[in-house]
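To start, the structure under review is shown below, and the notes come after it.
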Amino acid sequence: MYMINDILLNEKDYSKREEFLYKNEQQLNRIEWLIQSLLKISRLDSGTIKLKFEQVNSNVLIEKAIKPIEELIKNKNIKVNYDIENIFLYVDLNWMSEAILNILKNACEHTLDEINIKVSDNPIFTLISITDNGSGISKEDLPHIFERFYKGKDSDYDSIGIGLALSKSIIEKQNGKISVESSDDGTTFT
Numbered sequence: 018m019y020m021i022n023d024i025l026l027n028e029k030d031y032s033k034r035e036e037f038l039y040k041n042e043q044q045l046n047r048i049e050w051l052i053q054s055l056l057k058i059s060r061l062d063s064g065t066i067k068l069k070f071e072q073v074n075s076n077v078l079i080e081k082a083i084k085p086i087e088e089l090i091k092n093k094n095i096k097v098n099y100d101i102e103n104i105f106l107y108v109d110l111n112w113m114s115e116a117i118l119n120i121l122k123n124a125c126e127h128t129l130d131e132i133n134i135k136v137s138d139n140p141i142f143t144l145i146s147i148t149d150n151g152s153g154i155s156k157e158d159l160p161h162i163f164e165r166f167y168k169g170k171d172s173d174y175d176s177i178g179i180g181l182a183l184s185k186s187i188i189e190k191q192n193g194k195i196s197v198e199s200s201d202d203g204t205t206f207t
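Just so we're aligned, residue 18 is where the sequence shown starts under the numbering used here, counting upward by one.
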């Protein structure tokens, strides 16, 4: 950002200035997301978060999680398929949608063109699965993907390694469990 700012101070061409301003905005958005995620994970770790458990319709939960990444889904031409029964979960809507959002964002970044979301129920638990059709996670990386700041060997530069760790922490604070299976045909978070 300092380098972009220096260029902006000296650039006379308006179109170039606009291009660099856009790049700066992207970096500011990335920094804001990083700071917010670090604050959220710190608050969860310290126990200062008071979860507000309520009956939440699974459709409402999934729609709330998808809303912030609708533009990403549209821009990448990703088809999102739903298999969601009318199920009620006893969760904190805001925090659980944050956990699902992070998983969906990860799926969007790695899928070829399709994500499948399934919510089903049985007498013991409710199951939410998110499956992409990307190239999968390597066997070496798979045991570590929920570790804070872990970046897989095939991660891009923008990956920080916080999203999945945050999702795991949120889900476990709500008495849930998260697991992942991956192959060359895609990855499923459950």
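Backbone N, C-alpha and C define an ideal beta-carbon position, used for all residues, glycine too. No experiment lies behind these values; they were computed from the predicted model shown.
Near residue i, what residues of its chain come up, given a Cβ to Cβ distance below 6 angstroms and the 5 sequence neighbours on each side ignored?
{"i": "I154", "result": "S199, T204"}
{"i": "G169", "result": "D158"}
Measure the CB-CB distance between residue i and residue j and report whether it falls below 7 angstroms.
{"i": "D32", "j": "L78", "result": "One point to set straight first is that residue 32 is Ser, not Asp, in the sequence displayed. Not in contact: S32 and L78 (Cβ atoms no closer than 7 angstroms)."}
{"i": "Y167", "j": "G151", "result": "no"}
{"i": "I21", "j": "K40", "result": "yes"}
{"i": "F37", "j": "L25", "result": "yes"}
{"i": "T143", "j": "I104", "result": "yes"}
{"i": "S196", "j": "V136", "result": "no"}
{"i": "D130", "j": "I95", "result": "yes"}
What residues in its chain sit with their C-beta under 8 angstroms from that of residue i, if we drop five residues either side in the sequence?
{"i": "I86", "result": "L118, L121, K122, C125"}
{"i": "S186", "result": "I58, L61, D62"}
{"i": "S54", "result": "I177, I179, G180, L183"}
Contact check, residue i vs residue j under 8 angstroms by CB: the rounded distance?
{"i": "I132", "j": "T148", "result": "7 angstroms"}
{"i": "S184", "j": "A82", "result": "No, S184 and A82 are not in contact; Cβ-Cβ is about 11 angstroms, not under 8 angstroms."}
{"i": "Y99", "j": "Q72", "result": "About 20 angstroms separates the two Cβ atoms, so there is no contact after all."}
Report buried or exposed for residue i, applying the criterion of at least 16 other Cβ atoms within 10 angstroms of its Cβ.
{"i": "N27", "result": "exposed"}
{"i": "S59", "result": "exposed"}
{"i": "T65", "result": "exposed"}
{"i": "S63", "result": "exposed"}
{"i": "D109", "result": "buried"}
{"i": "I134", "result": "buried"}
{"i": "L181", "result": "buried"}
{"i": "I145", "result": "buried"}
In chain order, what residues of the same chain lie with their CB nearer than 7 angstroms to the CB of residue i, ignoring the 5 residues before and after it?
{"i": "I90", "result": "V97, C125"}
Counting contacts by CB-CB distance shorter than 7 angstroms, is residue i in contact with chain D?
{"i": "R60", "result": "The displayed structure is made up of one protein chain only, and chain D is not part of it."}
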